[in-house]
Amino acid sequence: MLTDPAAYGVDLDRLAVLYMATGSEWPETRFLVEEYMLPLLREHGVRFVQLARNGHLKRDGFTVLEDSRRPESLFVRGPWTLWDDLESVGTVPQQAGTRKCSLWAKGDVGDWWLTQVFGGRPFRQIMGYNADEEGRRFGDQTASKMPGRTGEFPLIDWGWDRQQCEAYLLKRFGVHWPKSYCTFCCFPVSMGALPAHLERMRSHPDIAGEVLRLEYTAMSLNPNSKLYGERTGSLLGFFDRSRPRDRACLEAFERELDMPWALYHVRRLFLLSHDGRRRPVMRSTDRVDLGRPQQLARRLISVSGRHGVDVEHDPLYGRTRAWVRPRRTAWPMAEELFVTAPARVINKQDDRFEEQWDALVSGSAARLRLG
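Counting in the numbering used here, the sequence shown runs from 2 upward without gaps.
Next up, the structure:
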């Protein structure tokens, strides 16, 4: 489209390329964009707009990091990133359902800018989904309600799959172009690309260490919070300390854990609606204490022992967890635990949680008092 824009009905003077900075792009992606793509945009005078969220909520708005026809660099992050959002609440991206993380970090931000700029006037939005992603085109057409927008999907229309796109880039630039996605993305397993993803991590052990900590923290608060789902297992299980490249990743993970830890009180409610359907799970997370993992573990083990509560302890990496109310299989139910984890998770409670909690557990007190 840059070399023959008229053939595609494109006026380069009226074209804008949008980039949403998620904050966790792979280093090689930034290098390739700055080495090959930005010079092309400068050569043709194409407007390149870099955007990012300001915070978790819609009312926080977004920031225009740069709006230029002479871009020199790709911004790594903005004021608030998807990583910040996940880490602050102690969770990981979810495989089930829509790609909410992508919509939150990229789709919403782009839509806010487009709405601000076009204000309902007609425009064409060209999306880069390849022919392997027909479902994403359908989802886009179904979800997009922006006035004046017409979505176009040339790669799908041409029948270009991921392999053909990579072949074109190799021929055009002479380099292999790895897929662009967040370092902690949960979708490589569903795309059949998990082996390549793990190799990429082994090439960036410091990144692997960060992602391992993100998942370890999430699984501390909820053992089901595995990056790649229940069937695949945790990311940690894919690394073997006897292999040098894997050992480098695990050592980076251990460095990530060398930080202040917290003792958290976590409660969940699994409730039913009036018609018997399962409602979204409600959660309350409260930081009880701050310290070193060994110190917090001793405290939790001591108090749990006095109250006859079983404790799980990970002697290798430090997590200690006491189940006050274990999760059952039948809804409605309440779950309650105390757990130690890296101190990156904020206090957070869903609306009306205490009211709903008291209604379900009949005001019965927890058997541990650590607050």
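Glycine included, each C-beta is placed from N, C-alpha and C at the ideal position.
**Message:** Using 8 Å for Cβ pairs, my map puts G108 next to A22. What's the rounded Cβ distance?
**Reply:** Within the sequence shown, numbered from 1, the residue matching residue 108 stands at position 107. Within the sequence shown, numbered from 1, the residue matching residue 22 stands at position 21. Not confirmed; about 14 Å, so no contact.
**Request:** Kindly list the residues whose CB is nearer than 6 Å to the CB of W84, restricted to its own chain and excluding five residues on each side of it in sequence; keep chain order.
**Result:** By one-based count along the sequence shown, residue 84 stands at place 83. These residues qualify, in order along the chain: G24, S25.
**According to DSSP, residues forming a beta bridge with P343** = As a position in the sequence shown, residue 343 is number 342, starting the count at 1. Answer is W262, bridged to P343.
**Request:** State the DSSP-derived secondary structure class of R125, mapped to helix, strand or coil.
**Result:** As a working note, residue 125 is residue 124 in the sequence shown. Reduced to three states, the DSSP call for R125 is strand.
**Request:** Could you tell me whether the region 249-262 touches the region 353-363, using the rule of 3 or more Cβ pairs below 8 Å?
**Result:** no
**Prompt:** From which residue to which residue does the beta strand (DSSP E) around L66 run?
**Reply:** For the purposes of this step, residue 66 is identified with residue 65 of the sequence shown, where counting begins at 1. Element bounds for L66: 63-69.
**Asked** What are the partner residues of V93, as DSSP defines its beta bridges?
**Response** Here residue 93 refers to the residue found at position 92 when the sequence shown is read from its first residue. V93 is not bridged to any residue.
**Asked** Below 8 Å between beta carbons: does that hold for I242 and R203?
**Response** By 1-based counting over the sequence shown, the position of residue 242 is 241. By 1-based counting over the sequence shown, the position of residue 203 is 202. It is Arg, not Ile, that sits at residue 242 in the sequence shown. Contact flag unset, no.
**Assigned exposure category for L213 - 16 Cβ within 10 Å defines buried** = Indexing the sequence shown from 1 puts residue 213 at position 212. Buried.
**Buried versus exposed, by CB contacts within 10 Å (16 or more), V65** = Along the sequence shown, read from residue 1 onward, the residue named residue 65 stands at position 64. Exposed is the call here.
**Message:** What does the Cβ neighbour count give for W27, buried or exposed, with the cut at 16 atoms within 10 Å?
**Reply:** Against the sequence shown, residue 27 aligns to sequence position 26. Under this definition W27 is a buried residue.
**Request:** Please determine, among S103, Q117, K101, Q165, the residue with the shortest C-alpha to C-alpha distance to A132.
**Result:** Locating residue 132 in the sequence shown gives position 131, where the first residue counts as 1. Answer by Cα proximity: Q165.
**Request:** Would you tell me roughly how many angstroms separate the C-alpha atoms of M334 and E88, rounded to the nearest one?
**Result:** Start at 1 with the first residue of the sequence shown, and residue 334 comes out as number 333. Start at 1 with the first residue of the sequence shown, and residue 88 comes out as number 87. Their backbone Cα atoms lie some 26 Å apart in a straight line.
**Asked** Roughly how many angstroms separate the alpha carbons of G91 and V325, rounded to a whole number?
**Response** In the sequence shown, the residue the question calls residue 91 occupies position 90. In the sequence shown, the residue the question calls residue 325 occupies position 324. Their Cα atoms are separated by approximately 20 Å.
**Request:** Apply the 10 Å Cβ neighbour rule to N386 and answer buried if 16 or more other Cβ atoms are within range, or exposed otherwise.
**Result:** This structure cannot settle anything about residue 386, because the visible part of the chain is limited to 2 through 372.
**Item:** G152 to K101 span [Cα, whole Å]
**Value:** Position 151 of the sequence shown holds residue 152. Position 100 of the sequence shown holds residue 101. If I take the Cα positions, the gap works out to 20 Å.
**Item:** C-alpha gap between L115 and F154, whole angstroms
**Value:** Residue 115 sits at position 114 when you count from the first residue of the sequence shown. Residue 154 sits at position 153 when you count from the first residue of the sequence shown. Approximately 18 Å, taken between the alpha carbons.
**Asked** Since T321 is in the beta strand (DSSP E), which residue starts that stretch and which ends it?
**Response** Here residue 321 refers to the residue found at position 320 when the sequence shown is read from its first residue. First-last of the beta strand (DSSP E) with T321: 321-326.
**Prompt:** R60 and V18: beta carbons closer than 8 Å?
**Reply:** Taking the sequence shown and counting its residues from 1, one reaches residue 60 at position 59. Taking the sequence shown and counting its residues from 1, one reaches residue 18 at position 17. No.
**Message:** Using CA atoms only, rank isn't needed, just tell me which of L369, S145, Y20, G120 is closest to R307.
**Reply:** One-based indexing of the sequence shown puts residue 307 at position 306. Among L369, S145, Y20, G120, the Cα nearest to that of R307 is on L369.
**Prompt:** Grouping DSSP H, G and I as helix and E and B as strand, with all else coil, what is P21?
**Reply:** The residue given as residue 21 occupies position 20 in the sequence shown. The amino acid at residue 21 is misidentified as Pro; the sequence shows Met. M21 falls in the strand class under three-state DSSP.
**Bounding residues of the beta strand (DSSP E) (the contiguous stretch that carries R48)** = Translated into positions along the sequence shown, residue 48 becomes position 47. Counting along the chain, the beta strand (DSSP E) containing R48 begins and ends at 48-54.
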